[in-house]
Each structure stands twice: as C-alpha cells, then as structure tokens.
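Please read the structure below before turning to the comments.
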Amino acid sequence: MEQQILQAHPQNWYLVLSTILFSIGVMGVLMRRNALIILMCIELMLNSVNLLLVSFSAYAGNTDGQVFVFFIMVVAAAEVAVGLALLVSIYRNIATTDIDVLSKLKW
Amino acid sequence: MENFLELTKLISPASLIPLFPLLGFLLTAFFGKTLKHAAGWLASAMILISFCLSTFLFINLPANADLSFTIFDWIKFGNVTLSFGFLIDHLSIIMLLVVTGIGFLIHLYSIGYMHNDEGFARFFSYLNLFIFFMLLLVLGNSYLVMFIGWEGVGLCSYLLIGFWFKNDAYNDAAKKAFIMNRIGDLGFLVAMFYMLFYFGGLDFETVNAGAQTLEVGNTLLVTITLLLFVGAMGKSAQIPLYTWLPDAMAGPTPVSALIHAATMVTAGIYMIARSNIIFAMAPLTLEVVMWVGVITSLFAAFIGMKQTDIKKVLAYSTVSQLGLMFVALGVGAFSSGMFHVVTHAFFKALLFLGAGSVIHAMGGEQDIRNMGGLAKYIKITFYTFLIATLAISGIFPFAGFFSKDEILAASFSEHKAVWVLASISSMITAFYMFRVMFLTFQNSFRGTEEQKHHLHESPWTMTVPLSILAIFSMVAGFWGMPAVMSSTHWFGTYLAPVFEGSKAYLGEGHHLDHGTEIMLMVIATVLALVSISIAYVMYVKNKTLPEADAETTGVAKWAANKFYVDEFYDKIIVRPITILSDVLFVLVDKLVIDLVVMAGAWLVGFTGRTIRLVQTGNTGFYVFAMVIGMMVLMFIQLVY
Numbered sequence: 003m004e005q006q007i008l009q010a011h012p013q014n015w016y017l018v019l020s021t022i023l024f025s026i027g028v029m030g031v032l033m034r035r036n037a038l039i040i041l042m043c044i045e046l047m048l049n050s051v052n053l054l055l056v057s058f059s060a061y062a063g064n065t066d067g068q069v070f071v072f073f074i075m076v077v078a079a080a081e082v083a084v085g086l087a088l089l090v091s092i093y094r095n096i097a098t099t100d101i102d103v104l105s106k107l108k109w
Numbered sequence: 009m010e011n012f013l014e015l016t017k018l019i020s021p022a023s024l025i026p027l028f029p030l031l032g033f034l035l036t037a038f039f040g041k042t043l044k045h046a047a048g049w050l051a052s053a054m055i056l057i058s059f060c061l062s063t064f065l066f067i068n069l070p071a072n073a074d075l076s077f078t079i080f081d082w083i084k085f086g087n088v089t090l091s092f093g094f095l096i097d098h099l100s101i102i103m104l105l106v107v108t109g110i111g112f113l114i115h116l117y118s119i120g121y122m123h124n125d126e127g128f129a130r131f132f133s134y135l136n137l138f139i140f141f142m143l144l145l146v147l148g149n150s151y152l153v154m155f156i157g158w159e160g161v162g163l164c165s166y167l168l169i170g171f172w173f174k175n176d177a178y179n180d181a182a183k184k185a186f187i188m189n190r191i192g193d194l195g196f197l198v199a200m201f202y203m204l205f206y207f208g209g210l211d212f213e214t215v216n217a218g219a220q221t222l223e224v225g226n227t228l229l230v231t232i233t234l235l236l237f238v239g240a241m242g243k244s245a246q247i248p249l250y251t252w253l254p255d256a257m258a259g260p261t262p263v264s265a266l267i268h269a270a271t272m273v274t275a276g277i278y279m280i281a282r283s284n285i286i287f288a289m290a291p292l293t294l295e296v297v298m299w300v301g302v303i304t305s306l307f308a309a310f311i312g313m314k315q316t317d318i319k320k321v322l323a324y325s326t327v328s329q330l331g332l333m334f335v336a337l338g339v340g341a342f343s344s345g346m347f348h349v350v351t352h353a354f355f356k357a358l359l360f361l362g363a364g365s366v367i368h369a370m371g372g373e374q375d376i377r378n379m380g381g382l383a384k385y386i387k388i389t390f391y392t393f394l395i396a397t398l399a400i401s402g403i404f405p406f407a408g409f410f411s412k413d414e415i416l417a418a419s420f421s422e423h424k425a426v427w428v429l430a431s432i433s434s435m436i437t438a439f440y441m442f443r444v445m446f447l448t449f450q451n452s453f454r455g456t457e458e459q460k461h462h463l464h465e466s467p468w469t470m471t472v473p474l475s476i477l478a479i480f481s482m483v484a485g486f487w488g489m490p491a492v493m494s495s496t497h498w499f500g501t502y503l504a505p506v507f508e509g510s511k512a513y514l515g516e517g518h519h520l521d522h523g524t525e526i527m528l529m530v531i532a533t534v535l536a537l538v539s540i541s542i543a544y545v546m547y548v549k550n551k552t553l554p555e556a557d558a559e560t561t562g563v564a565k566w567a568a569n570k571f572y573v574d575e576f577y578d579k580i581i582v583r584p585i586t587i588l589s590d591v592l593f594v595l596v597d598k599l600v601i602d603l604v605v606m607a608g609a610w611l612v613g614f615t616g617r618t619i620r621l622v623q624t625g626n627t628g629f630y631v632f633a634m635v636i637g638m639m640v641l642m643f644i645q646l647v648y
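Protein chains in written order, with the numbering used here: chain S, 3 to 109; chain Y, 9 to 648.
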C-alpha cells in the first residue's frame, strides 16, 4: 500500500508540472504579440505534452511512449526550422514580427 | 452437303468485298492531301476490286445454294448470341453486283465531274465509305448487321448532301435527310427489339423460323412488319417521309445518282424482299405497303410534272418509281420488285449522270427553262439521256418496259384499282420525263451567250460510264422477259430460291393468260406513247415554256410548290415543337430549373460572403478562437 502511494506521488507531480508548462504556453500564445515568442510558447506546449507522455510511459511500465516522444521531437525540430525560416524571411521584408502588424491575410 | 467444301472456299472472297472500300476510305481520308487526284483513281480501283470479287461469287456460287457464315460473335448475354456474319445468296449477289458495278461507274464519272472541286479527296473518301456501308447492309446475315449498314449509309448520305457545307441551304437539306431517316430508323429499331424479345435472335434464319411457328396474320408479325416498313418509308422515301429526297439533290450530282437513285434508296425494298417470309405472313402489312407505294407513286408523279429544276424532276421520278417497287412488294411479287430495282438503278443512274453532264456543260445551271437545244452540242449525253428516258417511260424494248410491265401485270392480277393508279402514274412519268428531255435538248438554246460559248461535251471519264449504263438500260430488260416472249425468265428463276419460303403464304399467284398479258403491255405502251406525244406537241411543236414561278396558278401552282407538304409539316410538326420548346424554355427552364440552380448558387455565395468575415487576419483572434474551441470540445468530452 505504501509503495503504491510512493509510486503515485511522482506521477502527480509530473501531471502538475506539465499542466503548468502547458498553461504558460497557452497564456503566452494568447497574450504576447511577438511572433517569435508565440513560436516558443507553442514549443513549450508541445514539450509539456511530451513530458506527460514520457511520464505515463514510465508509469505504465513500457517504452512505447518514450520511443514515440523521440519521433515527436525529431518532427518538431523540423517544424521549428521551417517556422523560424518563415519568421526570418518576414522580418527581412517588413522589419517586424508583431502579429498585429501581420494582418494582411484576411477575407 | 456435298458442296459444303465448295462453299467454304467462297468465305474469304465474300468477307473481302466490303474491306476494299473501307481501305479506300481510310487511305483517301488520311492521305487525301498527298494523293490529290490519284485519290479518285484509288477509290475507283477499290470499288472495281469489290466488283470483281462480287462477279467471282456470282459465277462460283452453286445454284440453289446460300452461304451464311459468322465472322465473330459480337454480343453475348444470357442465351442470346448476336453475331456479326454475312449471308451470300442470290438476292445479295444481285445487290452486290448493282452496288459495286454502278458504284464503280459513278466513281469513274466523279473523277471527271469533281475534277476542279477543292474537296476532291474528301468526296471520294465519303463515296468509298458509303459503298462500304451499303455492302454491309446487303451482305449482313442478321437485321443487326443490316442495321449497321442502314445507319452508315444514312450518315454518308448526310455527309454527301452537305458536301458543299459552306452553303446553309445545303446543310439544312442534309439535316432534313438525316432527321427524316432517323424517324424511319426508329421503326426499324423497335422492330428489332420485338424480334429479339419474341424470337430470341436477330439473324434472318432465327426470325424466319420463329415467325413460322405463329399463324398467318398474327398481331406480332403485323406489328413487326409495319415497324420495318416505317424504316423502309424513311430510307426509300415513301409518303409520309419522302420529303427529304427532293431536297437531297443539294449534293453533287454523282451522289444523287449513286445514293439517292440507284442504291441507298432501294435499301428499303431490299430489306422487305429479304424479310419476304415475315411480310408474306402479314397480309395486312402487304396491303399497307401496296397502298402507300401506289399513292406515293402517283403523288410524286404529279409533283414531278411541274418541277423546273432538272434534278428535282429526277428526284420526284425516283420517289415515284420507288413507289412502284413497293406496289410490287405489296402484291407479293418480290422478284418483280427487285427486277425493277435493278433496271431502275441502271436508267436512273444514267439519267442523273446525264443531268450531271448537262449541268457540267451549262456551268452549273439546273433550270430547264434556261436550257434547250443542247442535243447538237453534247451528243453523247443526249443519246444516252434519250435511251434512259425511253427506258423509264417503259418503251419496248428498253429495260424499264419489262420491269414495269411485270409490276403492272402483278398488280392487275391482284388488285385492279391499284393497277389503274399505277398505270396513270407511269403514264405521267412518261410525260414529265419527255418534258425534261424536250426542254433540255430540243428547240433552240435559251441560256445566256456566255453559257452558249461554254457548252462542251464532258471528258471521257464521264461519257464512258454514260455509255456503259446506256447499254445496260437497253439490254437489262431481257434478263426478265415476260412469258409471252420467252419461256425463261432468267431474273425470276435466279431469285426464286430466295423467295421460296414466302410462296406458301402468298397463295399461288394466278397466272395471267397470254392474251391478258399482251393486252396489258399494249395498254401500257399506248399510254406512254400518248403522253410522249402530248409532251412533244406541247414542248417541241408549240414551244411552250413552263411559266415563271410567279405566274403559275391553280392546281399547277400547288404541284409546283410540291402540294405544300413541306409547309404542312412545318405547320403541323416543326412549329408546334418550336413553340412547345419556347414555352418549356420559359416555364420549366427559366422558372423551375434556373430557380433551383440559381438558389443553390446564391446560398453558397451568401454563406461564403458571411463566413469569410471571420478571417480578420488577426492571429491573436485565431489563437483565441482555437483555445476556446478546444476548451469547448474538452468540456463536451468531460460531460458526455
């Protein structure tokens, strides 16, 4: 019984941590206007979910989740590269990354 | 069975017959530009080969034998197999010889006639294609193969009537011919459905066998034969579907000779002769065929009397002669009908080609009021035209005399009233044919000086076919001499095996005794001579000219305007259809269909216009909406 509680406690901490990280990410995306920061916040959200996946994987006692996370990280790296390249290109053209200025794509 | 081996040897030449015209069509169609005038010679050579093969079959087919063979199985479903095959018997051989023989002569003639036309190669490719389809029609061993040819010749007729497609009136004539033929074809098609449904097959053997299990005069047989006759009405220009044929004269003259006089229009007669057993088993249909034939014959003859266009006169005389052939079929004298098909093919082709030669000499003029006195300028054309005119008028001993006499004799023994009407019709024929002859070739020239200067005899490619056809117009009659003159009727004997099956249903045709037969001949000849003399007095002695179009009055005006049949059809059928389509356009198309379709389009447009406002371009708003959306989804997930 005691062992079970001991095992349950770290899981709870992981849950709390990844929830906090996710919320920071969401708030960042919602409130900041700098596209670079928003991109970072998205990464934060993604990684908080990764953390959750790893912790559940450990909890369940198999390595599927951990292998899966590696794949997610590889794909995320590629995605970040594309996102940053776009951002750099935008900045070179209009010298800003403020999303309120970047509102031409509408209707 | 002992001649089975002998027969199988004939299979390959028989299947090759239609292939040569097809080859000619492909070559002239695809390489016409490079071949130039060689295309005409190539096309003619192909037909000549087919003619030689047909002659080979004619010589080698054993008496009383017929050869039916399948080339491939075409459609199979359930226990019905529709195969593509040919039937070689005496009837198809006669038609083969006529089609390829006259076809070859007309090809040869066209080389001269079409020499300066820019569509020279195209013309020959169409002609070859026509011969191909006509041969399919004649050779087919089932109604299906016949129907392929039937439709194909209709197509070629359309293409050739509208050959000079830059002229709108010609295109209209082509369309008219096609549509009129389609109306008839519908009858043929429905008849085929009936046969397939009730007899389980379309080849002649199956249909005849199936029909013979029914009793004579069965409703099914009457329906099928009447529907087939509707098809024949369209193709062979009988009342009420005859109006396309006179308009079809818009095509080049060799086409009028080949398609609209000698071969295609006789397809209806061939088809009925081919189906003689089922027609003989439906006496009611034969009665209808007979009456339609005789009325058409008389009606067209009346119109022919007042026409002034040389080709139009010939067109109405074709309709009239086709009517006579149907009379022969209607009284059950199938071989007499076929005999008239053959002799008519010779002299009518000759008449048309002669008319073509006249038009050629006149530089395109077709109105006989502007001709006259041509006999001394174009001698060969004159003499050949004279022979053909004598033949069609039924003067002894030209071809028309014998075949027409047979038909008149047959109708005399079957139905006196029809005999009277047919005699009047052939009397009128003699009158208007000599009217054309006298107005064109006698008296003095009435055209312009320029035309007079232009007058010249046609090149040898045109005069040679004229002479050959003239010879046949003189001698073809001797193939079928009446019993009075000769004990052997070669043509009738040759075709007898084909019509063997229908004999039983027709009853023994009561043979006329020799006295009656001679009397009939004398009457026919006297009538013809009387109308020739009337024509002579009117147009040569008194030099009467047909009055200008505006001056005609009374019945003559009616006849000159073709009894206003075209106008009548226009009022009764065409106008209501256009009015109906106008009404439907406004009521159904504009009000209903457009409304539904436009409402759909408007709805989509409206939705798009409204929803696109959500796309503000503000990324913050998008993210906000996304988060809210996810929360809503999560909430739903949690609650339910």
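Cβ atoms here follow ideal geometry from the backbone N, Cα and C, with glycine treated the same way.
Here the structure is a predicted model, which is why all the values come from computation and not from measurement.
query	result
Taking DSSP's pairing of strands, which residues face lysine 84 of chain Y in a bridge?	Y:Thr89
For phenylalanine 347 of chain Y, tell me which candidate among Y:Gly208, Y:Leu599, Y:Tyr278 has the shortest Cα-Cα distance.	Y:Tyr278
Applying a beta-carbon distance threshold of less than 8 Å, which residues of chain Y neighbour serine 20 of chain S?	Chain Y residues near serine 20 of chain S: none, gap ~16 Å exceeds 8 Å.
Report the three-state DSSP secondary structure of serine 452 of chain Y (helix, strand or coil).	coil
Quick test of the definition: if touching needs 3 or more C-beta pairs under 8 Å, does the stretch 439–446 of chain Y touch the stretch 310–317 of chain Y?	yes
Determine the direct distance from the alpha carbon of alanine 51 of chain Y to that of tyrosine 178 of chain Y, and round the result to whole angstroms.	25 Å
Would you kindly work out how many angstroms separate the C-alpha atoms of lysine 320 of chain Y and threonine 227 of chain Y, rounded to a whole number?	39 Å
Per DSSP, which one or two residues make a beta bridge with phenylalanine 77 of chain Y?	Y:Phe94
Taking Cβ-Cβ distances shorter than 7 Å, what residues in chain S pair up with glutamine 645 of chain Y?	In chain order: nothing, as chain S lies at least about 16 Å away.
Taking all protein chains shown into account, do 16 or more other C-beta atoms lie within 10 angstroms of the C-beta of methionine 200 of chain Y, making it buried, or fewer, making it exposed?	buried
Which value, in whole angstroms, describes the spacing of the CA atoms of threonine 392 of chain Y and leucine 474 of chain Y?	6 Å
Can you pull out the residues from the stretch 151–166 of chain Y whose beta carbon lies closer than 9 Å to at least one beta carbon of chain S?	none
With distance defined between alpha-carbon atoms, name the residue in Y:Tyr513, Y:Val548, Y:Ser58, Y:Pro29 nearest to methionine 289 of chain Y.	Y:Tyr513
Using beta carbons (cut-off 8 Å, strictly below), is phenylalanine 632 of chain Y in contact with chain S?	yes
Need the endpoints of the alpha helix (DSSP H) that isoleucine 19 of chain Y sits in, please.	19–24
State yes or no: is the beta carbon of isoleucine 101 of chain S nearer than 8 Å to at least one beta carbon in chain Y?	yes
Relative to the C-alpha of valine 327 of chain Y, which residue among Y:Ser264, Y:Gly364, Y:Ala71 is closest?	Y:Ser264
List in chain order: all unbroken alpha helix (DSSP H) runs of 4+ residues lying wholly within the stretch 389–422 of chain Y.	407–422
Less than 8 Å between CB atoms is the rule here; does serine 105 of chain S satisfy it with respect to chain Y?	yes
Are there any heavy atoms of the ligand NAD lying less than 7 Å away from the beta-carbon of leucine 322 of chain Y, as far as the coordinates show?	The ligand NAD is absent from the structure shown, which contains no ligands of any kind.
8 Å is my cut-off, CB to CB: does asparagine 626 of chain Y come that close to chain S?	yes
Say whether chain S places a C-beta atom closer than 8 Å to the C-beta of valine 640 of chain Y.	no
Name the DSSP bridge partner or partners of serine 150 of chain Y?	Y:Asp211
Grouping DSSP H, G and I as helix and E and B as strand, with all else coil, what is asparagine 36 of chain S?	strand
Quick one, which of Y:Asn72, Y:Thr89, Y:Asp74, Y:Ala73 has its alpha-carbon nearest phenylalanine 80 of chain Y's?	Y:Thr89
Using three-state DSSP, classify aspartate 317 of chain Y as helix, strand or coil.	strand
Going by the CB atoms, is the gap between tyrosine 134 of chain Y and cysteine 164 of chain Y shorter than 8 Å?	yes
Please check the pair phenylalanine 33 of chain Y and leucine 137 of chain Y, which I expect to be a contact at CB under 8 Å, by giving their CB distance rounded to whole angstroms.	4 Å
Below 8 Å on the Cβ atoms is my contact criterion, and I expect alanine 396 of chain Y with alanine 478 of chain Y to pass it. Report the Cβ-Cβ distance as a whole number of Å.	7 Å
Beta-carbon of leucine 41 of chain S versus every beta-carbon of chain Y: anything under 8 Å?	no
Taking all protein chains shown into account, do 16 or more other C-beta atoms lie within 10 angstroms of the C-beta of threonine 316 of chain Y, making it buried, or fewer, making it exposed?	buried
Quick check on the burial criterion: 16 or more other C-beta atoms within 10 angstroms. Buried or exposed for lysine 356 of chain Y?	buried
Can you tell me the Cα-Cα spacing of proline 554 of chain Y and threonine 274 of chain Y, whole angstroms?	31 Å
Which residues, taken in chain order from the stretch 611–623 of chain Y, show a beta carbon closer than 8 Å to some beta carbon of chain S?	Arg620, Leu621, Gln623
Asparagine 52 of chain S to glycine 608 of chain Y, Cα distance in whole Å?	47 Å
Out of curiosity, what's the CA-to-CA distance linking glycine 148 of chain Y and valine 538 of chain Y?	44 Å
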